[in-house]
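Protein chains in written order, with the working numbering: chain A, -18 to 67; chain B, 362 to 492.
Backbone N, C-alpha and C define an ideal beta-carbon position, used for all residues, glycine too.
The structure displayed is predicted, hence computed values, not measured ones.
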């Protein structure tokens, strides 16, 4: 446990929270999907730091790739932009 | 920086990030009107829950499962033990990730069917959901 791990974890945690707020507040659903996949990417690094390499590999494939693909396919079949709330 | 302080910062970062993700996802599920945005918020909350489980099972300076080893010297005296982190939350989270993908896929299939039928994915405009 060295100082670089601590710095990486703190920066990653802040990055995750910012990406989550960004994903919730965007009206463009495609941008929100990419922000969610960035959350999963940081999450898989966190799992590796927490000594869970199997969970990290599963999260990297499923969270980053497969979830993004099925969301993109759904947005392709429906509407890309969320309606403005009145 | 001492070892104690670094471990405290790590704990605060992991628990704070996971709780923040759960709360942000809950806020999105409760307030958003778009069905795809609601499913996206569910995925975010689920990521936070997975991180919380693995962070609870972590033991400081542990190694990856499944072996705990004892280091012996030439007289079979115990020098030190290398402990492993708790494997139960990792197995549970591994299952939960895959089930989460299944739940998201079924929800998105339903969203596509609703869009074909009603031509909108705003939950206020789909009248059949209200009674």
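- Contact note: residue 408 of chain B reaches chain A through -3, 1, 17, 20, 21, 24, 40, 44, using a C-beta cutoff of 9 Å and chain order.
- Per the DSSP secondary-structure output, residue 443 of chain B pairs in a beta bridge with B:430.
- Taking 9 Å as the cut-off, the Cβ atoms of residue 383 of chain B and residue -10 of chain A do not count as close.
- In the DSSP assignment, residue 424 of chain B is bridged to B:445.
- Within chain B, the residues 451, 455 have their CB atoms less than 8 Å from the CB of residue 35 of chain A, given in chain order.
- When secondary structure is reduced to three states using DSSP, residue 437 of chain B falls in the coil class, being assigned neither helix nor strand.
- Beta-bridge partners assigned by DSSP to residue 62 of chain A: A:9.
- Here residue 395 of chain B carries a strand assignment [DSSP, helix/strand/coil].
- Between residue 484 of chain B and residue 394 of chain B a beta carbon distance of about 6 Å is seen, short of the 8 Å cut, so the two are scored as contacting.
- With the criterion set as a beta carbon lying under 7 Å from some beta carbon of chain A, the members of the segment 430 to 449 of chain B are 446, in sequence order.
- The CB of residue 459 of chain B comes closer than 8 Å to the CB of 39, 43 in chain A, given here in chain order.
- Along the segment 462 to 486 of chain B, going in chain order, the ones with a CB nearer than 7 Å to a CB of chain A are 462, 465, 466, 469, 472, 473, 476, 482, 483.
- Collapsing the DSSP output to three states places residue 483 of chain B in a strand.
- In chain order, 395, 397, 398, 401 make up the part of chain B whose C-beta sits under 8 Å from the C-beta of residue 10 of chain A.
- The residue among B:448, B:487, B:433 with its C-alpha nearest the C-alpha of residue 472 of chain B is B:487.
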